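There are 2 protein chains.
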Amino acid sequence: MAAHPSQLQQEIRQTRPFRSVGQEAVLGLFKTADMLRRHFGKIVGQGGEAVELTLQQYNVLRILRGAGAEGLPTLEIAARMVEQAPGITRLIDRLEAKGLVARERCLEDRRRVTCRISRAGLALLARLDDQINRSDEVFDGVVSAADLKRLVEVLDRMRSVLETK
Amino acid sequence: MAAHPSQLQQEIRQTRPFRSVGQEAVLGLFKTADMLRRHFGKIVGQGGEAVELTLQQYNVLRILRGAGAEGLPTLEIAARMVEQAPGITRLIDRLEAKGLVARERCLEDRRRVTCRISRAGLALLARLDDQINRSDEVFDGVVSAADLKRLVEVLDRMRSVLETK
DNA sequence: CGAGAATACTTGACTAATCAAGCAATAACC
DNA sequence: GGTTATTGCTTGATTAGTCAAGTATTCTCG
Chain A
1 MAAHPSQLQQ EIRQTRPFRS VGQEAVLGLF KTADMLRRHF GKIVGQGGEA
51 VELTLQQYNV LRILRGAGAE GLPTLEIAAR MVEQAPGITR LIDRLEAKGL
101 VARERCLEDR RRVTCRISRA GLALLARLDD QINRSDEVFD GVVSAADLKR
151 LVEVLDRMRS VLETK
Chain B
166 MAAHPSQLQQ EIRQTRPFRS VGQEAVLGLF KTADMLRRHF GKIVGQGGEA
216 VELTLQQYNV LRILRGAGAE GLPTLEIAAR MVEQAPGITR LIDRLEAKGL
266 VARERCLEDR RRVTCRISRA GLALLARLDD QINRSDEVFD GVVSAADLKR
316 LVEVLDRMRS VLETK
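Listed in order, the protein sequences are those of chains A and B. Residue 41 in the working numbering sits at position 41 of the first sequence, with consecutive numbering throughout. Every number in the working numbering is 165 more than the matching position in the second sequence, counting from 1.
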């Protein structure tokens, strides 16, 4: 059974078959995520001039836009990131240097630093919204809504397993 | 419908619902891949001493083990990587420095550099095999083989879309 | 066979990620 | 109220990733 090589096998020019579906799923996940990262990275990384963002920086701005005027402390941002960011301080340093985020020490708890998105940050996000929203729907027509929903559920279960590891 | 927040929404502490299933799938993919990367990265990154690997370095070694004694030219390795690696030369530099890979100029075409895995490289992979194979099956019991297969297919379709972008 | 294009890397300069250690502010406990 | 622990970052050192430009070798075609 399954004598012909899978699509992924061809993509990475692998002659031997995968050891298991589990392995193929893991590698497929890596490769798909990598391509997606590059796709979205290209969008946020071409603001021209000095307003190029990395995906992580973009994620911070999105989180801060969602948080509104009261802002969020640094580590709360880290906790909300899609991808872990141990270097959150310097990540935000760079956003502050570009004038996209403002920081100030929190008065109630002086250990904390409250971060807020600036007007320039909001403007930049607004400029990117269209392209990003369109890209979020890049799979429409190729993968059905039902399949996407199943995908989301499977990914949820996968992360539950990984959380404990 | 869907009044309660999704698992992913809770994970990233997002109050607003996602704009679409497409968006949720993309973010879920990023987050799952990030967790998987860290999980596998921990395995290959703890060889102790000076034999710690990154996932990318590990991938190169796996490719070279598969290629056998005749080895592979540098850019052919790059083409076979699961995740793109523009810095392939220096990636292999580091493997060579650790004595895990040997390189030599190809005689038929002197532009090429043939890379081969060393005995030490093979030994290192052998030491990691068990843990990696077990991790490839980390989802067994949580995600059915049928679901994994569907996942693989959906990911294949996603990458087909992204290839042209 | 000789000029120009293409291939296969390599290098330099810069940016970003990672881990461990450190420091100041607050909380918890006796 | 004084010590200890915890929290919330910050910094330093190291490693890795990215893009553009450069070099050597081979290929193509008149």
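Glycine is no exception: its CB is placed at the ideal position from the N, C-alpha and C atoms. Source: prediction; values computed, not measured.
> Unbroken beta strand (DSSP E) runs of length 3 or more, entirely within the region 263-306 of chain B: which are they?
Replying inline: Within the region 263-306 of chain B, the runs of beta strand (DSSP E) that reach at least 3 residues and sit entirely inside it are, in chain order, 266-270, 278-282.
> With respect to the alpha helix (DSSP H) encompassing serine 160(A), which residues constitute its N-terminal and C-terminal limits?
Replying inline: Unbroken alpha helix (DSSP H) run through serine 160(A): 145-163.
> Residues of chain A with CB under 9 Å from valine 303(B), in chain order?
Replying inline: Neighbours of valine 303(B) on chain A, chain order: Gly22, Val26, Met158, Val161, Leu162, Lys165.
> At least one CB of chain B closer than 8 Å to the CB of aspartate 130(A): is that the case?
Replying inline: It does not; no Cβ of chain B falls within 8 Å.
> What residues in its chain sit with their C-beta under 7 Å from that of leucine 293(B), if we drop five residues either side in the sequence?
Replying inline: Excluding positions up to five away in sequence, the list reads Ile208, Val209.
> DSSP on leucine 75(A), reduced to helix/strand/coil?
Replying inline: Here leucine 75(A) carries a helix assignment [DSSP, helix/strand/coil].
>> I'd like the ranges of any alpha helix (DSSP H) spanning at least 4 consecutive residues and lying wholly in the region 24-97 of chain A.
In response: Within the region 24-97 of chain A, the runs of alpha helix (DSSP H) that reach at least 4 residues and sit entirely inside it are, in chain order, 55-67, 74-80, 88-97.
> What's the C-alpha gap between glutamate 318(B) and isoleucine 253(B)?
Replying inline: Whole-angstrom Cα-Cα distance: 29 Å.
>> I need the straight-line Cα distance from leucine 91(A) to glutamine 57(A), nearest angstrom please.
In response: The straight-line gap from Cα to Cα measures roughly 7 Å.
> Just checking, does the region 169-177 of chain B make contact with the region 111-126 of chain A on the three C-beta pairs under 8 Å criterion?
Replying inline: Output reads no: the region 111-126 of chain A does not touch the region 169-177 of chain B.
> Would glutamate 70(A) be called buried (16 or more neighbouring beta carbons within 10 Å of its own) or exposed?
Replying inline: Classification of glutamate 70(A): exposed, given that the 10 Å Cβ count is below 16.
> In the structure shown, what three-state DSSP assignment does glutamine 10(A) receive?
Replying inline: For glutamine 10(A), the secondary structure class from DSSP, reduced to helix, strand or coil, is helix.
>> Can you confirm whether valine 319(B), when its beta carbon is compared against all beta carbons of chain A, has any partner nearer than 8 Å?
In response: Look at valine 319(B): its C-beta is under 8 Å from a C-beta on chain A.
>> For arginine 37(A) and lysine 263(B), what's the separation of their Cα atoms in angstroms?
In response: So the two alpha carbons sit approximately 30 Å from each other.
> Is the Cβ of leucine 91(A) closer than 8 Å to any Cβ of chain B?
Replying inline: At a cut-off of 8 Å, the C-beta of leucine 91(A) has no neighbouring C-beta in chain B.
> Beta carbon of cysteine 271(B), beta carbon of leucine 229(B): below 8 Å?
Replying inline: Not in contact: cysteine 271(B) and leucine 229(B) (Cβ atoms no closer than 8 Å).
> Between the C-alpha atoms of phenylalanine 205(B) and arginine 299(B), what's the straight-line distance to the nearest angstrom?
Replying inline: The straight-line gap from Cα to Cα measures roughly 11 Å.
>> Tell me which residues of the region 195-217 of chain B have at least one Cβ-Cβ distance to chain A shorter than 9 Å, keeping chain order.
In response: Residues of the region 195-217 of chain B with a Cβ closer than 9 Å to any Cβ of chain A, in chain order: Phe195, Lys196, Thr197, Ala198, Asp199, Met200, Leu201, Arg202, Arg203, His204, Phe205, Lys207.
> Taking the C-alpha atoms as reference points, what is the distance between glycine 187(B) and valine 278(B)?
Replying inline: Between the alpha carbons of glycine 187(B) and valine 278(B) lies a gap of roughly 43 Å.
>> Just to make sure I have the definition right: I need the residues of chain A whose C-beta is within less than 9 Å of the C-beta of valine 307(B). Which are they?
In response: In chain order: Arg157, Met158, Ser160, Val161.
>> Please identify, using Cβ separations under 9 Å, the residues of the region 64-86 of chain A that lie next to chain B, in order along the chain.
In response: Residues of the region 64-86 of chain A with a C-beta atom less than 9 Å from some C-beta of chain B are Gly66, Glu76, Ala79, Arg80, Met81, Val82, Glu83, Gln84, listed in chain order.
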